[in-house]
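In the numbering used here, the protein residues as written are 10 to 514. Glycine included, C-beta positions come from ideal geometry on N, C-alpha and C. Being a predicted model, the structure only gives us computed values, none of them experimental.
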Amino acid sequence: MNLPPWLHNLYRADFLRSVGLYIMRDHLVLVRMRKNFLRLSLAEQEARELPLGENQQAISELTGWIAEDIREIALRAETDSRERALRQAIVSLLPHFSAGKDSLYVCVPQEQAIVQKLFLPQAAENNLRQVLEYEIERQLPFRRDEIYFDFIPLGKQGDKIGVYLFAIPKKSLVHILDVLGSFDIRPNGVETTVTAMANYLLFCRGDLGSPAVVVGRQNEAWEMVGIRNGVNGWKHNPELLFSHSLQQADWAQGPGREILQECLAKSPMFFGWGEVEGFFSSLSQDGAPLKYEDLVAAGNQRLAGSGNLAHPQVLPAFGAALRGLREASFTVNFLRQEGAVDGGKAFSGINAALLGLLLISAVALGVSYPIKDEIRLRQLQKENQKLAPAVEAVRREETELQKARKEVSFFADFDQRKGEVLRVLDELSKTVPTSAYLSNLRYRSRNLEIQGSAENASALIPVLERSPLFENVGFNAPSNRGRDNRETFSLKADIEKPKEKATKP
Numbered sequence: 010m011n012l013p014p015w016l017h018n019l020y021r022a023d024f025l026r027s028v029g030l031y032i033m034r035d036h037l038v039l040v041r042m043r044k045n046f047l048r049l050s051l052a053e054q055e056a057r058e059l060p061l062g063e064n065q066q067a068i069s070e071l072t073g074w075i076a077e078d079i080r081e082i083a084l085r086a087e088t089d090s091r092e093r094a095l096r097q098a099i100v101s102l103l104p105h106f107s108a109g110k111d112s113l114y115v116c117v118p119q120e121q122a123i124v125q126k127l128f129l130p131q132a133a134e135n136n137l138r139q140v141l142e143y144e145i146e147r148q149l150p151f152r153r154d155e156i157y158f159d160f161i162p163l164g165k166q167g168d169k170i171g172v173y174l175f176a177i178p179k180k181s182l183v184h185i186l187d188v189l190g191s192f193d194i195r196p197n198g199v200e201t202t203v204t205a206m207a208n209y210l211l212f213c214r215g216d217l218g219s220p221a222v223v224v225g226r227q228n229e230a231w232e233m234v235g236i237r238n239g240v241n242g243w244k245h246n247p248e249l250l251f252s253h254s255l256q257q258a259d260w261a262q263g264p265g266r267e268i269l270q271e272c273l274a275k276s277p278m279f280f281g282w283g284e285v286e287g288f289f290s291s292l293s294q295d296g297a298p299l300k301y302e303d304l305v306a307a308g309n310q311r312l313a314g315s316g317n318l319a320h321p322q323v324l325p326a327f328g329a330a331l332r333g334l335r336e337a338s339f340t341v342n343f344l345r346q347e348g349a350v351d352g353g354k355a356f357s358g359i360n361a362a363l364l365g366l367l368l369i370s371a372v373a374l375g376v377s378y379p380i381k382d383e384i385r386l387r388q389l390q391k392e393n394q395k396l397a398p399a400v401e402a403v404r405r406e407e408t409e410l411q412k413a414r415k416e417v418s419f420f421a422d423f424d425q426r427k428g429e430v431l432r433v434l435d436e437l438s439k440t441v442p443t444s445a446y447l448s449n450l451r452y453r454s455r456n457l458e459i460q461g462s463a464e465n466a467s468a469l470i471p472v473l474e475r476s477p478l479f480e481n482v483g484f485n486a487p488s489n490r491g492r493d494n495r496e497t498f499s500l501k502a503d504i505e506k507p508k509e510k511a512t513k514p
């Protein structure tokens with residue numbers, strides 16, 4: 010049963026404010042959003058440049074030193090310069106949001122993190138996080154205390170459990186968290202553009218009945234995400250199909266292009282953001298450029314006049330801000346184990362008030378009909394008393410009938426199996442050599458198990474196989490040779506079914 014969208018989204022009704030902060034290498038984008046009951050609006054969108062620090066070549070030209078000798082100095086100078094630029098950008102953005110009231114979510118480019126699909130045994134389904142704590146050092150080239158990680162369970166994949174693992178080195182986030190902490194700002198979560206763009210697409214086009222591919226390009230890097238959102242009555246089942254991040258050099262070469270084309274072949278729906286027009290033009294379909302939908306236009310259409318997105322770089326910050334408005338389908342959070350409080354609660358205050366009103370109405374309705382319910386109950390009790398003798402008689406007859414059926418089944422089965430045990434014993438006495446001894450014999454449902462000892466246990470298998478009565482002869486357990494130079498064995502065999510005789514025409 011497919012429910013109306015407004016009824017499905019009713020449990021998300023609330024009055025919230027959220028901020029998404031997208032931090033790239035050379036830019037910082039802030040998006041502030043507001044939800045009034047079910048209506049979302051874009052309140053603020055600001056972008057700031059982050060000037061890059063001096064690199065090794067620049068310092069070498071100034072000092073005359075060799076670039077390799079000043080590597081550590083250049084790295085320290087670049088880190089200090091980036092931290093200073095980030096602090097200045099945050100200071101300029103403080104008037105555009107309330108640090109104490111608005112929930113804040115940080116998004117970083119996919120190229121800064123590791124996104125890997127793992128397969129774990131089904132026994133780990135109930136303890137995925139604990140299992141990943143032990144497996145993460147074997148799967149990634151980092152120690153556990155050097156990274157933040159989170160995961161998305163994918164359910165059963167054959168005889169395994171699929172998991173999408175998201176990990177990022179702590180050194181990539183420590184400067185960002187320190188700068189925000191100096192302003193008494195503690196992010197509610199940190200994620201990558203993978204889940205941010207997936208949440209943005211599902212917000213704009215939540216009715217995806219078939220797989221969709223999101224292609225984005227920024228800073229000469231390509232990002233591709235595959236998404237599917239199935240609907241099963243009340244519940245939506247969003248699924249992350251694949252995720253790839255390629256540098257421009259990889260895209261120009263054959264392997265990178267093959268990966269992109271293979272991902273695009275898995276979906277009939279394409280969405281793009283950033284500088285992707287040339288990419289889709291290079292991939293033709295039926296002699297025409299591949300058609301795609303621009304995600305900036307899709308977002309403006311979804312907002313319906315409550316704000317216009319100014320630039321494609323706003324989209325990841327928009328997707329991160331959806332977490333605080335309880336509109337996100339994927340909830341990856343690198344700071345989950347650090348005690349970060351995720352604002353995406355599943356039950357809001359508005360829902361609680363509506364539920365309270367519903368309970369009060371139900372109680373009032375129940376109190377208004379107590380006498381009628383009591384009268385109906387007494388009438389049913391009288392009817393039950395009248396029918397009780399007839400029901401008891403039917404139950405006794407049913408019990409006797411079941412007993413008779415069991416007796417008939419027993420005797421019919423006994424008649425079919427008579428003589429089988431004697432045939433088995435007679436055949437064993439003829440086929441088993443005199444040098445072998447049988448100590449145990451078990452026959453059940455046309456399956457035979459024998460134990461004993463022999464000079465060569467393996468020689469018994471072809472002997473029994475040649476018998477017209479036995480088939481599928483094999484060892485039931487390993488054989489052992491004792492001090493008397495005899496092997497103890499445990500064999501199993503099936504009784505051959507009688508073949509139907511062909512009738513002559």
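- Separation of Val223 and Val234 (C-alpha to C-alpha, rounded to the nearest whole angstrom) is 5 Å.
- When DSSP assignments are scanned along the segment 289 to 337, the uninterrupted stretches of alpha helix (DSSP H) that are 4 or more residues long and fall wholly within it turn out to be 304 to 312, 323 to 330.
- With at least 16 other beta carbons inside 10 angstroms of its own, Lys44 counts as buried.
- Gln256 and Ile177 do not touch by the CB rule: their CB atoms are close to 18 Å apart, not below 8 Å.
- Annotation: Gln390 to Ala399 spans about 15 Å, alpha carbon to alpha carbon.
- DSSP places Phe498 inside the beta strand (DSSP E), whose first and last residues are 496 to 504.
- In the DSSP assignment, Thr201 forms a beta bridge with Val117.
- Take Gln270, set aside five residues on each side of it, and the residues of its chain with a beta-carbon closer than 8 Å to its own are Leu292, in chain order.
- According to DSSP, residue pairing for Glu232 in a beta bridge involves Gly225, Ser254.
- Across the set Ala313, Gly314, Pro277, the C-alpha of Pro277 shows the shortest separation from the C-alpha of Glu302.
- The DSSP-derived three-state label of Ala397 is helix.
- Across the set Ala274, Ala297, Leu304, Glu267, the C-alpha of Leu304 shows the shortest separation from the C-alpha of Val285.
- Rounded to whole angstroms, the gap between the alpha carbons of Asn465 and Arg492 is 14 Å.
- Annotation for His184: the continuous alpha helix (DSSP H) segment containing it runs 179 to 191.
- In this chain, the beta strand (DSSP E) harbouring Gln125 covers 123 to 130.
- Per DSSP, Gln54 lies in no alpha helix (DSSP H) segment; the continuous beta strand (DSSP E) that holds it begins and ends at 48 to 58.
- Of the candidates Asn238, Phe498, Gly328, Met206, Gly328 places its Cα closest to the Cα of Leu49.
- For Arg153, no beta strand (DSSP E) segment is defined, and its DSSP state is neither H nor E.
- With at least 16 other beta carbons inside 10 angstroms of its own, Arg21 counts as buried.
- Taking a contact as a CB-CB distance under 8 Å, the pair Thr201 and Gln125 does not count as one, their CB atoms being some 12 Å apart.
- DSSP places Arg93 within a helical segment (H, G or I) once states are collapsed to three.
- From the listed residues Val430, Cys116, Thr443, the smallest Cα separation to Phe479 is found for Val430.
- Within 10 angstroms of the beta-carbon of Leu182 lie 16 or more other beta-carbons, which makes it buried.
- Rounded to the nearest angstrom, the Cβ distance from Leu95 to Val188 is 5 Å, consistent with a contact under 8 Å.
- Fewer than three Cβ pairs drawn from the segment 309 to 323 and the segment 157 to 175 lie within less than 8 Å of each other, which leaves the two stretches out of contact.
- Glu232 and Asp503 have their C-alpha atoms spaced approximately 59 Å apart.
- Under the 8 Å Cβ criterion, the segment 481 to 492 does not count as touching the segment 447 to 454, having fewer than three qualifying pairs.
- For Gly198 against Asn342, the beta-carbon gap comes to about 4 Å, under 8 Å, which counts as contact.
- Residue state for Ser448 is assigned as strand, using DSSP reduced to three classes.
- Cβ-Cβ distances below 6 Å link Phe106 to Val28, Arg41 in the same chain, with the five nearest sequence neighbours on each side left out; the list follows chain order.
- For Phe251, the closest C-alpha among the options Ala207, Gly239, Gly283, Gly281 is that of Ala207.
- Taking a 10 Å sphere around the C-beta of Ser254, we find 16 or more other C-beta atoms and assign the residue as buried.
- For Trp282, same chain residues with a beta-carbon under 6 Å away, outside a window of 5 residues either side, are Gly225, Leu304, Pro321, Leu324 in chain order.
- Inclusion of Asn238 and Gly215 in the CB contact set at 8 Å is warranted, their separation being smaller than that value.
- In the structure shown, the three-state DSSP call for Glu383 is helix.
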